[in-house]
Amino acid sequence: TGGFDADAVVLNIGTNDSSYVGELSSDPTEQQAYVDNFDRLYGEMLDAIHKANPRAVILCVLGQMGGHSLLFESIQRNVESYRTRYPDSKIAYYRMKFGEDATEATTYHPGVASHKRDAEDVVEQLRELMK
């Protein structure tokens, strides 16, 4: 906390982070172990953010290519759990839209227009949270 108290924290989990919830595994038991581990660690990270910045709003974001339901479901569970632990805090989750300009960028990844749109969307989400 070195004297700085953030107004907002944006926690953006990217598409490749889906491997941390076992989406590459075909074994349901192994996949559940990944999900449980990710849930625990994501919750610990939210707690650490809250401890360092107790007045900050937190926006938990899943990136543009994040069509991964297990990852987003984990983020949603953690946000709901956080709200229970810290009822006076402001936290939300947001799933970025897939880039419509993906065919203009490299290997079907979002291009400049998608990044600009998502930046504007994140700003709007933060404005709502900070009311």
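Each step along the sequence shown adds one to the number in this note's numbering, with nothing skipped, and position 56 is 711. Using N, Cα and C, we set each Cβ at its ideal position, and we do this for glycine too.
Is the beta carbon of residue 746 less than 9 Å from the beta carbon of residue 714?
Working through the sequence shown from its first residue, we reach residue 746 at position 91. Working through the sequence shown from its first residue, we reach residue 714 at position 59. Yes. Within cutoff.
Tell me, to the nearest whole angstrom, how far the beta carbon of residue 749 is from that of residue 734; I am working on the premise that it is less than 8 Å.
As a working mapping, residue 749 is identified with position 94 in the sequence shown. As a working mapping, residue 734 is identified with position 79 in the sequence shown. Between residue 734 and residue 749 the Cβ distance is about 10 Å, and since that is not below 8 Å, they are no contact.
How close, in whole Å, do the beta carbons of residue 705 and residue 744 come, if the pair is a contact with beta carbons under 8 Å?
Taking the sequence shown and counting its residues from 1, one reaches residue 705 at position 50. Taking the sequence shown and counting its residues from 1, one reaches residue 744 at position 89. Right, the Cβ-Cβ distance comes to about 7 Å (below 8 Å), so this counts as a contact.
Can you check which of these residues, 785, 780, 752 and 724, is closest to residue 768 by C-alpha distance?
In the sequence shown, residue 768 corresponds to position 113, counting from 1. The shortest C-alpha separation from residue 768 is found at 752.
Apart from the five residues just before and just after residue 712, which ones in its own chain have a Cβ nearer than 6 Å to its Cβ?
For this step, residue 712 is matched to residue 57 along the sequence shown. Same-chain partners within the cutoff: 663, 745, 784 and 785.
Tell me, which residues are paired with residue 708 by DSSP?
Here residue 708 corresponds to residue number 53 of the sequence shown, with the count starting at 1. Paired residue(s): none; residue 708 is not in a bridge.
Can you give the Cα-Cα distance for residue 777 and residue 709, rounded to whole angstroms?
As a first step, residue 777 must be located in the sequence shown, where it is residue number 122. As a first step, residue 709 must be located in the sequence shown, where it is residue number 54. Looking at the two C-alpha atoms, the distance is approximately 21 Å.
DSSP beta-bridge partners for residue 749?
By 1-based counting over the sequence shown, the position of residue 749 is 94. 716, per the DSSP bridge assignment.
If you follow the beta strand (DSSP E) that residue 663 is in, where does it begin and where does it stop?
Taking the sequence shown and counting its residues from 1, one reaches residue 663 at position 8. Its beta strand (DSSP E) spans residues 663 to 668.
Does DSSP classify residue 700 as helix, strand or coil?
In the sequence shown, the residue the question calls residue 700 occupies position 45. Correct three-state label for residue 700: helix.
Mind checking whether residue 694 and residue 732 have CB atoms under 9 Å apart?
Here residue 694 corresponds to residue number 39 of the sequence shown, with the count starting at 1. Here residue 732 corresponds to residue number 77 of the sequence shown, with the count starting at 1. Against a cut-off of 9 Å, the Cβ pair of residue 732 and residue 694 comes out as a contact.
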